[in-house]
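Residue numbers (the numbering used here): 1 to 116. Just so you know, even glycine gets a beta-carbon here, dropped at the ideal spot from N, CA and C. Right, one structure below, let's go through it.
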């Protein structure tokens, strides 16, 4: 099942370090089958505010996401981003097709609560 690295990039200082990060990240994704699905762009906030940008990177599965993030190649450039930006980053699994909204009820032991 596909898995995703998702980042809410609230702020980034577009200086030499972020530019270097952008030049180098694609080479870190390739060995793990990673590809950008969403990378910045115009965000249209419909409910509440959404300051910043959205980044979604798809991988074949969660193991590949962790492999990429923990790889020496990515770890070598990670500080270029984290030292020059504010972001929340999560890993999440996709869903199998076909998926219905009620499928989540079968996965959650506490059907009355979703979230924290």
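Return the CA-CA distance between residue i and residue j, expressed in angstroms with no decimal places.
{"i": "residue 22", "j": "residue 102", "result": "39 Å"}
{"i": "residue 28", "j": "residue 80", "result": "14 Å"}
{"i": "residue 41", "j": "residue 62", "result": "25 Å"}
{"i": "residue 75", "j": "residue 67", "result": "11 Å"}
{"i": "residue 93", "j": "residue 30", "result": "19 Å"}
{"i": "residue 97", "j": "residue 48", "result": "30 Å"}
{"i": "residue 18", "j": "residue 12", "result": "8 Å"}
{"i": "residue 44", "j": "residue 106", "result": "32 Å"}
With residue i and residue j assumed to form a contact (beta carbons below 8 Å), what rounded beta-carbon distance in angstroms separates them?
{"i": "residue 54", "j": "residue 38", "result": "5 Å"}
{"i": "residue 84", "j": "residue 15", "result": "6 Å"}
{"i": "residue 10", "j": "residue 73", "result": "Not confirmed; about 25 Å, so no contact."}
{"i": "residue 60", "j": "residue 33", "result": "5 Å"}
Taking 7 Å as the limit between beta carbons, can you name the residues of its chain near residue i, skipping five residues before and five after?
{"i": "residue 95", "result": "none"}
{"i": "residue 56", "result": "4, 6, 37 and 38"}
{"i": "residue 20", "result": "80"}
For residue i, collect the residues of the same chain with a Cβ closer than 6 Å to its Cβ; drop the 5 residues on either side in sequence, then sort them by chain order.
{"i": "residue 24", "result": "77"}
{"i": "residue 58", "result": "2, 4, 35 and 37"}
{"i": "residue 89", "result": "7"}
Could you tell me which residues DSSP puts in a beta bridge with residue i?
{"i": "residue 93", "result": "3"}
{"i": "residue 9", "result": "53 and 87"}
Which runs of the beta strand (DSSP E) at least 3 residues long sit entirely within the stretch 50-81? Give them in chain order. 53-59
Which runs of the beta strand (DSSP E) at least 3 residues long sit entirely within the stretch 21-52? Give them in chain order. 35-39
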